[in-house]
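Visitor:
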Amino acid sequence: MIFFETKALQKSFGGLTAINSLDFHLEEGEIVSIIGPNGAGKTTFFNLITGFYPPDHGEILFDGHDLVGLRPSKITSLGIARTFQTVRLFANMTVLENVMVAQHSRTKSGIVGAVLQLRSFREEEQRIRDRAKDILSFFGSRLAGYRHDQPAKSLSYANRRRLEIARAMATEASLLLLDEPSAGMNPRETKEITELIGKLRDERGFTILFIEHDMRVVRGVSDRVVAMDFGIKIAEGPYSEVAQDENVIEAYLGRKET
Amino acid sequence: MAVSRSPGTPALEQPIVITAFPSSAFDIRKSIRLGLIAGLILVLISAMGLVESFDDRMLIDPILSLGYVLLFLVPLLVGHIAGRLPPLLEGMPAPEHRPRDVLGGLVSGTVASILLALLVIATPVFDLRTLFINLSPTLVGLLTLNQGLASGLLLLVAIGATLGTIGSALHLLPDKWRSALVKSVTWVLGIALLQDLVLQLLRGLGLSFASRLIFTVTGGLSIPATVLIFGILLGAQLSIKTKGESLATRFARLPDSRKRRTLYAAGVLLLVVIVVLPQIVGPYISEVLDLVGLFLLMGFGLNIVVGLAGLLDLGYVAFFAVGAYTMAVLVSPSSPGFAPQLTFWLALPFVVGTAALAGILVGLPVLRMRGDYLAIVTLGFGEIARLLAQSDWLKPFLGGAQGILRIPNIPVGPIELHTPPQLFYPIAAFVALAAYTSWRLQDSRIGRAWMAMREDEDVAEAMGINIVTTKLLAFVIGAILAGFSGAIFAMKIGSVFPHSFNLIFSLTVLVIIIVGGLGSLRGVALGALVIVGLPELLREFNEFRFLFYGIILVVMMRLKPEGLLPRARRAREITEEERAQDVGMPVTATAADPGGT
Ligand SMILES: Nc1ncnc2c1ncn2[C@@H]1O[C@H](COP(=O)(O)OP(=O)(O)OP(=O)(O)O)[C@@H](O)[C@H]1O
Ligand SMILES: [Mg+2]
């Protein structure tokens with residue numbers, strides 16, 4: 035069975051075609067990056083996959099399910115989680131709570147359990163808390179200790195990006211969609227995030243699709259690179275090939291000339 | 216928003232200019248400006264009739280009425296503000312107050328009272344009374360302290376100047392003295408103001424004889440009692456050596472077993488207080504407490520909807536009405552259509568059912584609405600509920616404008632609860648239930664989902680939280696709590712009429728939770744006491760109730776936007792936002808934020 039696939043995906047905003055008959059696929063355990071100039075439709079692609087926008091045509095298949103028309107929360111519970119290009123944490127909740135709340139679809143205790151403090155409720159709370167701590171420990175000292183109880187908005191920019199990844203991990207998805215994970219990071223942090231993406235797959239078993247402008251990250255971890263422009267896939271393959279591709283060079287340099 | 220600051224340019228264009236440090240707090244222009252503001256306030260409260268109508272209430276018999284307290288408080292406060300030293304940068308040692316700083320208070324107090332004096336002079340000259348009917352000869356007499364126009368006005372200005380000076384001179388006192396003095400005066404005035412409550416408490420405790428010593432027959436504290444109480448309070452405050460530790464920190468240091476025992480003891484104590492309270496305070500104050508309890512019940516419910524889930528519901532009264540009507544129809548023998556004449560307890564499950572249904576019915580159409588739109592639409596639902604109850608269409612069941620009468624009492628075993636002290640118990644029980652439920656839900660899977668939804672609905676959905684069910688759940692829980700409140704209300708009043716369920720009702724509950732502190736349970740409790748309880752005890756205020764709500768709201772938003780007893784989290788949110796605004800930076804964007812791409 036194909037892990038993830040889109041067929042003839044199409045999305046227009048008014049007269050602007052943001053995604054144009056896009057065929058795309060992912061194998062389980064792959065790390066794939068999407069590159070392309072600004073406005074190429076990369077974020078829109080993520081928004082279509084996660085159910086933020088409905089596509090005009092086309093199919094999105096994941097793990098045997100057709101995702102078109104499903105609620106975003108349903109898609110998440112099927113196993114796709116994302117981060118946002120403009121970091122969107124629950125700013126006034128603590129770091130730990132941000133990760134705890136993301137386990138919502140994997141847990142089930144309700145009003146009654148909470149009010150009566152049933153054993154099942156308390157055990158589940160403990161599990162949620164332990165899992166959240168475990169996920170945060172994945173980031174080493176970055177999100178450890180006293181930071182757990184700080185509001186998310188007090189974090190540094192790089193840490194907010196890390197917390198977004200932690201939150202996505204907590205949904206227990208199998209496929210992570212990361213929208214420009216290294217944006218706003220300094221070179222050292224960029225190197226760190228590159229390694230982290232590798233570890234996400236190697237240690238935690240996630241399949242990863244990420245959008246990235248920083249070619250060091252793209253080259254560093256991608257098994258495969260997909261280049262987009264004007265909503266069309268213009269090249270696909272290993273980094274070395276895509277980087278040499280004429281269409282890709284034109285897409286980037288051509289923009290610069292105009 | 217049409218004009219928004221682009222994220223890349225934090226407002227560094229506004230340089231922070233550090234001027235030379237002021238040598239003194241006295242700044243004549245600032246003092247005059249403050250004096251003018253205070254003067255306007257004085258003119259306003261006089262022209263609106265507050266001073267005159269509050270003059271009937273004696274606080275210290277026969278020298279000080281509530282009206283005068285109001286008049287005197289303004290120059291005192293403005294003097295205090297005028298005497299404040301300008302803020303320095305954080306972390307710097309505070310400069311010393313010097314005696315000449317009181318000049319600021321003197322000027323402000325004088326200016327304020329001159330403005331009031333001008334009002335008195337201008338009233339007959341320009342025939343202002345045709346505009347402000349409250350500018351009566353009685354008021355003029357009051358303002359001139361019945362000393363004749365010329366000498367009276369001079370006296371008025373002299374008093375204003377003195378009070379302003381005193382207000383700013385308070386800064387010169389050592390902290391301990393100042394706080395003891397202010398607290399003692401507040402307590403004395405509070406005791407005088409809550410005379411009914413104090414009398415009732417004394418009677419309940421079997422100390423009636425004391426009341427004759429403290430209060431005069433015409434009302435108000437007697438002068439010797441005032442001096443005595445003030446002396447005792449001041450002495451007590453000055454002699455207590457401050458431990459510098461709150462109860463909470465001391466509690467936190469206890470070992471776990473002691474902690475549990477302390478909590479247990481506190482619980483038992485609370486229970487005992489609740490049991491004896493209505494007996495001690497008597498029927499009138501029990502009535503007030505009942506009312507506070509009913510609003511508190513609604514406050515807890517709305518706190519879930521607005522405080523936790525962030526859904527601004529302005530039609531909350533609809534659920535209260537549903538609860539009241541469901542109860543009325545099911546228990547009253549004169550219910551016009553369907554009259555099964557159940558008992559209160561048997562009808563309760565149906566109240567839960569109809570309220571929950573109402574929560575879903577209101578929730579479904581507004582699922583996709585946010586913020587202002589949600590507020591307006593729910594406002595409409597509140598009105599629709601009232602109009603439906605009034606309508607001819609439902610008249611065969613709900614009785615139209617005549618409502619439903621003859622609602623029996625609440626039976627508990629062999630007895631029936633119907634006096635205010637008796638009704639206090641079921642109300643307290645439901646309030647406790649609501650408080651406990653809210654408390655447990657706050658830190659649960661559902662509570663976190665509500666908070667996430669409040670923070671960012673789309674992201675919450677993307678993190679696997681089904682917004683439809685989560686939102687409906689908030690509406691349903693909120694509706695059930697309001698339904699309980701309405702059901703007990705119906706039993707208490709003995710009848711229900713459509714006109715009881717108006718917009719003011721929804722707004723009052725909203726004011727309670729905002730004043731108390733959104734999301735904070737203790738805050739909601741305090742809010743209900745202040746917003747519902749106080750005006751009932753201070754009947755003079757009743758006429759001006761909504762004026763006071765407005766003033767309280769504005770003052771709160773300026774001074775303590777997080778509420779009186781905020782939740783720690785909420786306090787953090789607001790104060791940090793304020794601080795960020797102060798330095799001119801958006802909260803979420805940091806210097807490293809590269810904007811969109
Ligand atoms: N909700 C929307 N409404 C209208 N137009 C949109 C919307 N979302 C995206 N677009 C347009 O679709 C095009 C693709 O946008 P998208 O955000 O997917 O670009 P991107 O590849 O992520 O670019 P960047 O690298 O700048 O993030 C852009 O021209 C954008 O203006
Ligand atoms: Mg993008």
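From first to last, the protein sequence lines are chains S and A. Numbers in this note's numbering are just positions in the first sequence, counted from 1, shifted up by 34. Numbers in this note's numbering are just positions in the second sequence, counted from 1, shifted up by 215. Cβ atoms here follow ideal geometry from the backbone N, Cα and C, with glycine treated the same way.
For chain D, check one thing: does any of its Cβ atoms lie closer than 8 Å to the Cβ of Glu670 (chain A)?
Guide: Protein chains S and A are contained in the structure displayed, whereas chain D is not.
Visitor: Taking Gly578 (chain A) and Lys707 (chain A) to be in contact with their CB atoms under 8 Å, please state how far apart those CB atoms are, rounded to whole angstroms.
Guide: The pair is not a contact, with the Cβ atoms about 28 Å apart (cut-off 8 Å).
Visitor: How would you call Trp608 (chain A), buried or exposed, if buried means at least 16 neighbouring beta carbons within 10 angstroms?
Guide: exposed
Visitor: Quick one: which chain S residues come within Cβ less than 9 Å of Ala667 (chain A)?
Guide: Close partners of Ala667 (chain A) in chain S (Cβ separation under 9 Å): Phe124, Met127, Glu131, Asn132, Val135, Ala136, His138.
Visitor: List, in order along the chain, the chain A residues whose C-beta lies closer than 7 Å to that of Arg201 (chain S)?
Guide: Met678
Visitor: Can you pull the DSSP bridge partners for Lys41 (chain S)?
Guide: S:Glu93
Visitor: Give the interface partners of Gln151 (chain S) over in chain A, defined as CB-CB distance under 8 Å, in chain order.
Guide: Arg655
Visitor: Ligand 1: which residues have Cβ under 6 Å from any of its heavy atoms, chain order?
Guide: S:Phe47, S:Leu50, S:Ala52, S:Gly70, S:Asn72, S:Gly73, S:Ala74, S:Gly75, S:Lys76, S:Thr77, S:Thr78, S:Gln119, A:Thr812
Visitor: Would the beta-carbon of Phe510 (chain A) fall within 8 Å of that of Gly552 (chain A)?
Guide: no
Visitor: DSSP beta-bridge partners for Ser208 (chain S)?
Guide: The partner list for Ser208 (chain S) (beta bridge, DSSP) is empty, contrary to what the question assumes.
Visitor: Should Asn518 (chain A) go down as buried or exposed, given a rule of 16 or more other Cβ atoms within 10 Å for buried?
Guide: buried
Visitor: Report yes or no: is there a C-beta of chain A within less than 8 Å of the C-beta of Pro106 (chain S)?
Guide: Closer than 8 Å to some Cβ of chain A, the Cβ of Pro106 (chain S) qualifies, so yes.
Visitor: Assuming Ala42 (chain S) and Gly75 (chain S) form a contact by the criterion Cβ under 8 Å, report the distance between their Cβ atoms to the nearest whole angstrom.
Guide: With a Cβ gap of about 15 Å, Ala42 (chain S) and Gly75 (chain S) do not count as contacting.
Visitor: Only counting the same chain, and skipping five residues up and downstream in sequence, which positions put a Cβ closer than 7 Å to that of Ser238 (chain A)?
Guide: Note that Ser238 (chain A) scores 49 on pLDDT, short of 50, meaning its location in the model is unreliable and no value can be drawn from it.
Visitor: Taking Ser735 (chain A) and Leu780 (chain A) to be in contact with their CB atoms under 8 Å, please state how far apart those CB atoms are, rounded to whole angstroms.
Guide: 5 Å
Visitor: Could you tell me whether any non-hydrogen atom of ligand 2 is closer than 7 Å to the CB of Asp213 (chain S)?
Guide: yes
Visitor: In this structure, does DSSP put Ala52 (chain S) in helix, strand or coil?
Guide: It is a strand residue.
Visitor: Mapping DSSP to helix, strand and coil, what is Val581 (chain A)?
Guide: coil
Visitor: Please confirm whether any heavy atom of ligand 2 lies closer than 7 Å to the CB of Ile727 (chain A).
Guide: No, the beta carbon of Ile727 (chain A) sits no closer than 7 Å to any heavy atom of ligand 2.
Visitor: Helix or strand or just coil, what does DSSP make of Pro626 (chain A)?
Guide: strand
Visitor: Between the C-alpha atoms of Leu357 (chain A) and Gly446 (chain A), what's the straight-line distance to the nearest angstrom?
Guide: 29 Å
Visitor: Using only the alpha-carbon positions, how far apart do Ile703 (chain A) and Ile619 (chain A) sit?
Guide: Spanning the two alpha carbons is a distance of roughly 15 Å.
Visitor: Just checking Ile245 (chain S) against ligand 2 - is the residue's beta carbon closer than 7 Å to any of the ligand's heavy atoms?
Guide: yes
Visitor: State the Cα-Cα distance for the pair Arg669 (chain A) and Gly525 (chain A), rounded to the nearest angstrom.
Guide: 5 Å
Visitor: Going along the chain, which unbroken runs of the alpha helix (DSSP H) with 4 or more residues stay wholly within the segment 655-741 of chain A?
Guide: 660-670, 672-677, 682-708, 718-731
Visitor: Please list the residues of the segment 47-69 of chain S that have a C-beta atom closer than 8 Å to any C-beta atom in chain A, keeping them in chain order.
Guide: none
Visitor: Does Ala166 (chain S) come within less than 8 Å of chain A when only Cβ atoms are used?
Guide: No - not a single Cβ of chain A is within 8 Å of the one on Ala166 (chain S).
Visitor: Can you list, in chain order, the residues of its chain whose CB lies under 7 Å from that of Gly73 (chain S), leaving out five sequence neighbours each side?
Guide: none
Visitor: Helix, strand or coil: how does DSSP classify Ala604 (chain A) here?
Guide: helix
Visitor: Can you tell which of S:Phe79, S:Ile109, S:Leu50 has its C-alpha closest to the C-alpha of Ala677 (chain A)?
Guide: Looking at the Cα atoms, S:Ile109 is the closest of the given residues.
Visitor: Tell me which residues of the segment 729-755 of chain A have at least one Cβ-Cβ distance to chain S shorter than 8 Å, keeping chain order.
Guide: none
Visitor: Indicate the three-state DSSP secondary structure (helix, strand or coil) for Thr241 (chain S) in the structure shown.
Guide: strand
Visitor: Beta-carbon within less than 6 Å of Arg181 (chain S)'s beta-carbon, same chain only, minus the 5 sequence neighbours each way: which residues are those?
Guide: Val129
Visitor: For Arg760 (chain A), which three-state DSSP category applies?
Guide: helix
Visitor: Could you name the residues of the same chain whose beta carbon sits closer than 7 Å to that of Leu603 (chain A), not counting the 5 residues immediately before and after it, in chain order?
Guide: Leu609
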